[in-house]
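This note's numbering applies: residue 2 is where the sequence shown begins, and numbers increase by one. Virtual Cβ for every residue (Gly too), placed ideally from N, Cα, C. A quick write-up on the structure given underneath.
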Amino acid sequence: MHYPVALFCYNRPVHLKRTIAALQKNAGAVDTEVWFFSDGPAGEGDRASVDEVRKIIDNVEGFKRVRVVKNDVNRGLAASIIAGVSAVLAQDDACIVLEDDLETAPFFLDFLNSGLSCYADDSEIFSVSGYCPPIAIPDDYAAEAFRFPRINSWGWGTWRNRWNRVDWDVKDFDAFISNKSRVKELTLLGKDLPVMLLKQQTGKIGSWAVRFNQACFREGKTNIYPVRSLVRNMGADGSGTHVRSTGKYRVQLSPKPLIPHPAFENPQISKAFREFYRPSFYRQMLNKIKIARHLKRLR
Numbered sequence: 002m003h004y005p006v007a008l009f010c011y012n013r014p015v016h017l018k019r020t021i022a023a024l025q026k027n028a029g030a031v032d033t034e035v036w037f038f039s040d041g042p043a044g045e046g047d048r049a050s051v052d053e054v055r056k057i058i059d060n061v062e063g064f065k066r067v068r069v070v071k072n073d074v075n076r077g078l079a080a081s082i083i084a085g086v087s088a089v090l091a092q093d094d095a096c097i098v099l100e101d102d103l104e105t106a107p108f109f110l111d112f113l114n115s116g117l118s119c120y121a122d123d124s125e126i127f128s129v130s131g132y133c134p135p136i137a138i139p140d141d142y143a144a145e146a147f148r149f150p151r152i153n154s155w156g157w158g159t160w161r162n163r164w165n166r167v168d169w170d171v172k173d174f175d176a177f178i179s180n181k182s183r184v185k186e187l188t189l190l191g192k193d194l195p196v197m198l199l200k201q202q203t204g205k206i207g208s209w210a211v212r213f214n215q216a217c218f219r220e221g222k223t224n225i226y227p228v229r230s231l232v233r234n235m236g237a238d239g240s241g242t243h244v245r246s247t248g249k250y251r252v253q254l255s256p257k258p259l260i261p262h263p264a265f266e267n268p269q270i271s272k273a274f275r276e277f278y279r280p281s282f283y284r285q286m287l288n289k290i291k292i293a294r295h296l297k298r299l300r
């Protein structure tokens, strides 16, 4: 099965060319339908680069079919992804999602397509990831994929019946953030998550991913990851809107194909995953203060 790819782009033509070139080299690319979602310029200063991006996507070849959706206004990444993925999933049971700064290994589509096929009826699985952070995998862990209950937003796939269960308004947020035991449970996925959700719900950031993750957490589901990353984020060079310039997320792409099944939750991998997303002690204290102030306002 070859599921469609939704590729979101904005104003980085150089990165986009690399993303497309890498995807074209994937096994199964010629059998894959690709949707390009191009966001509109936020201001006149972005118009030239957005126009250049649109010239690129208007002339893409190498895939089974190319569809191009151009927004006249600037929706921002969160609204673009929610609307775009919803549009693709209105027509297909599952889809694969990329952004314009993600370089994929030649085996990325195989891993995602296989994962989306074999876990389609496994209600415990919320999404399939192509990215794996640079964490240590135990030598005695023989499988080529593992499970972890935090979603990934860099090269991933999901199904219509999971996506449609997401409450994008997070209507139970105040009840959740007031429940210390539930907040503590969320920190087991990463101590950065509660304050990230708070910022989303108070309008400080616009993140589809933290809301998608909250839906996964609320339902007690988990996600599939490769033991070696099949995606590299080029946007950590400072050119992106949501990722600062950093080497923290730098990975070497897997040199060989990986199989998404079987996949197990492993205590050592889970610990390493949590540690990777652990903020500094200073940042943790600031985050606690922000949450405490919000709770005080709720009283």
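Anyone know if the C-beta pair for residue i and residue j falls short of 8 Å?
{"i": "R229", "j": "C133", "result": "yes"}
{"i": "T20", "j": "L103", "result": "yes"}
{"i": "W157", "j": "S128", "result": "yes"}
{"i": "A144", "j": "F265", "result": "yes"}
{"i": "S255", "j": "A106", "result": "yes"}
{"i": "V6", "j": "V35", "result": "yes"}
{"i": "R166", "j": "A216", "result": "yes"}
{"i": "I82", "j": "F9", "result": "yes"}
{"i": "A121", "j": "P227", "result": "no"}
{"i": "P263", "j": "F108", "result": "no"}
{"i": "V232", "j": "W155", "result": "yes"}
{"i": "I126", "j": "A210", "result": "no"}
{"i": "P195", "j": "T188", "result": "yes"}
{"i": "N267", "j": "P280", "result": "no"}
{"i": "E53", "j": "P14", "result": "yes"}
{"i": "D193", "j": "Y283", "result": "no"}
{"i": "L299", "j": "D175", "result": "yes"}
{"i": "Y4", "j": "N114", "result": "yes"}
{"i": "V89", "j": "F37", "result": "no"}
{"i": "V171", "j": "R212", "result": "yes"}
Check the C-beta distance from residue i over to residue j and give it rounded, since I have them as a contact under 8 Å.
{"i": "N50", "j": "N75", "result": "Looking at the sequence shown, residue 50 is not Asn but Ser. 13 Å between Cβ atoms; not a contact."}
{"i": "D111", "j": "G29", "result": "6 Å"}
{"i": "P261", "j": "G116", "result": "4 Å"}
{"i": "T33", "j": "K65", "result": "6 Å"}
{"i": "S39", "j": "F149", "result": "The Cβ separation is near 32 Å, so there is no contact."}
{"i": "S179", "j": "L296", "result": "6 Å"}
{"i": "M2", "j": "S130", "result": "At roughly 18 Å, the Cβ-Cβ gap does not stay under 8 Å, so M2 and S130 are not in contact."}
{"i": "L199", "j": "F218", "result": "Not really, about 14 Å apart at Cβ, beyond 8 Å."}
{"i": "A95", "j": "T159", "result": "7 Å"}
For residue i, list the residues DSSP reports as bridge partners.
{"i": "Y226", "result": "F147"}
{"i": "A7", "result": "W36, V98"}
{"i": "T159", "result": "C96"}
{"i": "V1", "result": "The question about residue 1 has no answer here: the residues shown for the chain are numbered 2 through 300."}
{"i": "A264", "result": "A146"}
{"i": "E104", "result": "R233"}
{"i": "V129", "result": "G158, I225"}
Please report the residue range of the beta strand (DSSP E) in which residue i lies.
{"i": "K185", "result": "Premise fails: K185 lies in the alpha helix (DSSP H), 181–188, not in any beta strand (DSSP E)."}
Over what stretch of residues does the alpha helix (DSSP H) that includes residue i continue unbroken?
{"i": "E45", "result": "45–58"}
{"i": "K18", "result": "14–25"}
{"i": "D111", "result": "109–119"}
{"i": "A210", "result": "209–219"}
{"i": "K297", "result": "282–299"}
{"i": "Q201", "result": "194–202"}
{"i": "I178", "result": "174–178"}
{"i": "V89", "result": "78–90"}
Quick check on residue i - is its C-beta less than 8 Å from some C-beta in chain B?
{"i": "W169", "result": "Within the model displayed, chain B is absent; a lone protein chain is all it includes."}
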